[in-house]
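Step one of this worksheet: look at the structure below.
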Amino acid sequence: MDYGTFFFTNIASVTVFTVCIGILACYNRRVTGMRWFAGAQAVGLAKLILQGLEGKVPAVLGSFTVSELYLVSIMLQWMGLRWFLVRTSMRNRWPWIGIGVVLAVYGVMFPFKIQCSANIANIPFVVVCGVSSWMLWKHGRAPFLAVSRVSAAVVASQMTVAAYRAVLTNLRYMHPHETVNAHSDPQWVYSLATAAFFATVMVMCELWFLVTELQRELAEQARTDPLTGALNRRSMEEAAQRETARSVRYGHALCMIVIDIDNFKKLNDTRGHAAGDRALQALVCRVRSLLRKQDSLARTGGEQFGVLLPDTSELPALMIADRVRQAVEDLEVPFEGGPIRITVCAGVAQLDTACGWENMLQRADAAMYAAKKHGRNLISSRLALPEISRGFRRTNGKSDCRYVQTICGEA
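To convert, take the position in the sequence shown, counting from 1, and add 12; that gives this note's numbering.
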């Protein structure tokens, strides 16, 4: 294989990859991980061009800059992978500080042509590959599980090839900071071709990540309410069916809370629909902050919401409903013309395994309407008031709560 021919074809293909990834990153700007991938591809292309010109340009470009870009590109790739898998901002800056120190040290050593100085960049590259592979394996979760596993294998292969080339350089050449003499070495060229192959496969994995992310977004849009971000009614029904089956199988309790905003039509009529939308969004945000990870919150109607509480019996569910009621009562939603204040009524019901989740929903809905019938800013269930008072006293140290008992057949 001719070294020049290999680099010409490789640069041509990588240029196409870089342009494609860049276009996709611009078109899907909300997918931040693609921007990192586009940056990694651009830096990698610059590195490849300079590497192909080694011996024809000054060593500071053909060798030193190549090693620096080599390390920067893998860091950008790591950031892209991290965005898809972890989805949290990186609080620590030590990875970038460490890379900056490495680049600075290599910059000081290079002019003196110190033996094995290229390892200053090669070793961190291998380490970043190892960390990336570990992250892909550990944090790969549905729907990214398959692409994460494949990418972990590809990055591990990149790490192996990079380590092999570093050892090959140190053992076979007198000036490892320059590899011009290696251009005619078959082991060097074929290892370079292997690295190019895995880099190409990694581009395919990056596209796979994008497709998976877009599919995840579509699935999320299909199951959530676009205004509030809560689950929609269909998703709530699916969750209720799933949790009911689990409750029947393991004998765990299951409860549902139906929440309805008081006088919501009046709010829309007096303050406008924008105020109503803002109130709905604020309510969902506040209620979510009071729920557990396994709980489900859905918008089941215009101003009506449902909360599914796995592993929760009726009395604890009532306490949760009362906390929701109090939190919403204390809520002030900033809006033009003055803050918006709202209250809610909530009904609670526990699953009767002989009747199914639809019956639980009907009873919770009836309890909510019973609360509205007796006033506003109330919670209701079929439990007797003395039992509620004892439960609240044991838990909160006080027995007073805005509660009304639902009478059988009342709605």
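All C-beta atoms in this analysis are idealised placements derived from N, C-alpha and C, irrespective of residue type, glycine included.
Taking the Cβ atom as the reference point for each residue, do valine 114 and leucine 83 lie within a distance shorter than 8 angstroms? Taking 8 angstroms as the cut-off, the Cβ atoms of valine 114 and leucine 83 count as close.
Look up methionine 214 in the DSSP assignment and say whether it is helix, strand or coil. Here methionine 214 carries a helix assignment [DSSP, helix/strand/coil].
Pairwise C-alpha distance: glutamine 417 and proline 328: Across the structure, proline 328 and glutamine 417 are spaced so that their CA atoms are roughly 16 angstroms apart.
Using the beta-carbon count (16 or more within 10 Å), is alanine 24 buried or exposed? Classification of alanine 24: exposed, given that the 10 Å Cβ count is below 16.
Check whether the Cβ atoms of valine 340 and isoleucine 269 lie closer than 8 angstroms to each other. No, the pair does not count as a contact, with Cβ atoms beyond the cut-off.
Quick one: using the 10 Å Cβ neighbour count with 16 as the cut-off for buried, is proline 70 buried or exposed? Its Cβ having fewer than 16 others within 10 Å, proline 70 is exposed.
Determine the closest residue to serine 169 out of Asn244, Thr206, Leu243, with distance taken between C-alpha atoms. Comparing alpha carbon positions, the residue from Asn244, Thr206, Leu243 closest to serine 169 is Thr206.
Indicate whether serine 247 and arginine 235 have their beta-carbon atoms separated by less than 8 angstroms. Contact: yes.
How is glutamate 348 classed by DSSP in three states: helix, strand or coil? Under the three-state reduction of DSSP, glutamate 348 is assigned to coil, being neither helix nor strand.
Using the C-alpha atoms, what's the distance from isoleucine 35 back to histidine 264? Going by the C-alpha atoms only, they are around 51 angstroms apart.
Are the region 341 to 353 and the region 278 to 291 in contact at 8 angstroms, needing three or more beta carbon pairs? In short, these stretches touch, since the Cβ pair count reaches three.
Taking one C-beta from the region 251 to 261 and one from the region 271 to 278 each time, how about it: are there three or more such pairs within less than 8 angstroms? By the C-beta criterion, the region 251 to 261 is judged not to be in contact with the region 271 to 278, since fewer than 3 inter-stretch pairs fall below 8 angstroms.
Neighbour-count burial assignment, glycine 421, 16 or more Cβ in a 10 Å radius: Low confidence applies here, because glycine 421 scores a pLDDT of 47, under 50, leaving its location unreliable; read the following figure in that light. With fewer than 16 other CB atoms across the displayed protein chains lying within 10 angstroms of its CB, glycine 421 is exposed.
Please classify glycine 64 as buried or exposed, where buried requires at least 16 neighbouring CB atoms within 10 angstroms. Flag for glycine 64 reads buried.
How close, in whole Å, do the beta carbons of valine 173 and phenylalanine 210 come, if the pair is a contact with beta carbons under 8 angstroms? Contact between valine 173 and phenylalanine 210 holds: their C-beta atoms lie close to 6 angstroms from each other, under 8 angstroms.
So is glycine 350 in contact with chain D if we call contact Cβ pairs under 8 angstroms? In the structure shown, chain D does not exist; there is a single protein chain.
What is the rounded straight-line gap between the Cα of isoleucine 332 and the Cα of leucine 243? Roughly 19 angstroms between the two C-alpha positions.
By DSSP, does serine 203 sit in helix, in strand, or in coil? Serine 203: helix per DSSP, three-state reduction.
Does DSSP put proline 188 in a helix, in a strand, or in coil? Caution is warranted here: a pLDDT of 47 is assigned to proline 188, below 50, making its placement in the model unreliable, and no coordinate value can be reported.
Measuring alpha carbon to alpha carbon, tell me which of Leu222, Ser203, Ser160, Leu390 ends up nearest aspartate 272. Of the listed residues, the one whose Cα sits closest to aspartate 272 is Leu390.
Starting from methionine 268, follow the beta strand (DSSP E) in both directions and report where the run begins and ends. Counting along the chain, the beta strand (DSSP E) containing methionine 268 begins and ends at 266 to 273.
Close-in-space but distant-in-sequence residues of the same chain around threonine 5 (CB under 6 angstroms, 5 per side omitted): Because the chain spans 13 through 423 in this model, residue 5 falls outside it and cannot be assessed.
Exposure of arginine 311, with buried meaning 16 or more beta-carbon neighbours within 10 Å: Classified as buried, arginine 311 has 16 or more neighbouring CB atoms from the shown chains inside 10 Å of its CB.
Among the candidates Leu292, Leu363, Trp149, Lys385, whose CA atom is the shortest distance from the CA of phenylalanine 96? When Leu292, Leu363, Trp149, Lys385 are compared, the shortest CA-CA separation from phenylalanine 96 is found for Trp149.
Local conformation of cysteine 357 per DSSP, three classes: Judged by DSSP in its simplified three-state form, cysteine 357 adopts strand.
Could you compute how far the alpha carbon of arginine 300 sits from the alpha carbon of aspartate 237? Cα-Cα distance, rounded: 14 angstroms.
I need the boundaries of the alpha helix (DSSP H) containing leucine 279, first residue and last residue. For leucine 279, the uninterrupted alpha helix (DSSP H) segment begins and ends at 276 to 283.
Valine 336 versus leucine 302: straight-line alpha-carbon distance, rounded: Within the model, the alpha-carbon separation for valine 336 versus leucine 302 is close to 7 angstroms.
Could you tell me the alpha carbon to alpha carbon distance between glutamine 199 and glycine 45, rounded to whole angstroms? When rounded, the distance between both Cα atoms is 35 angstroms.
Pull up the distance between the alpha-carbon of tryptophan 48 and that of valine 31, whole angstroms please. Spanning the alpha carbons of tryptophan 48 and valine 31 requires a straight line of approximately 14 angstroms.
The alpha helix (DSSP H) that contains arginine 311, what's its start and end? First-last for arginine 311: 308 to 311, but that is the beta strand (DSSP E), not the alpha helix (DSSP H).
Between the C-alpha atoms of methionine 186 and glutamine 89, what's the straight-line distance to the nearest angstrom? Residue confidence for methionine 186 is low, a pLDDT of 49 falling below 50, so the modelled location carries little weight; the figure read from the coordinates is stated next. Rounded to whole angstroms, the separation of the alpha carbons of glutamine 89 and methionine 186 is 32 angstroms.
For leucine 81 and valine 26, believed in contact at Cβ under 8 angstroms, the rounded distance: The Cβ separation is near 13 angstroms, so there is no contact.
Would you tell me roughly how many angstroms separate the C-alpha atoms of arginine 99 and aspartate 197, rounded to the nearest one? Each residue's alpha carbon lies about 44 angstroms from the other.
Tell me the start and end of each unbroken alpha helix (DSSP H) in the region 56 to 99 that is at least 4 residues and wholly inside, in chain order. The qualifying runs are 78 to 97.
Measure the alpha-carbon distance for isoleucine 126 versus asparagine 134 and round it to whole angstroms. Straight-line Cα distance between these residues: approximately 15 angstroms.
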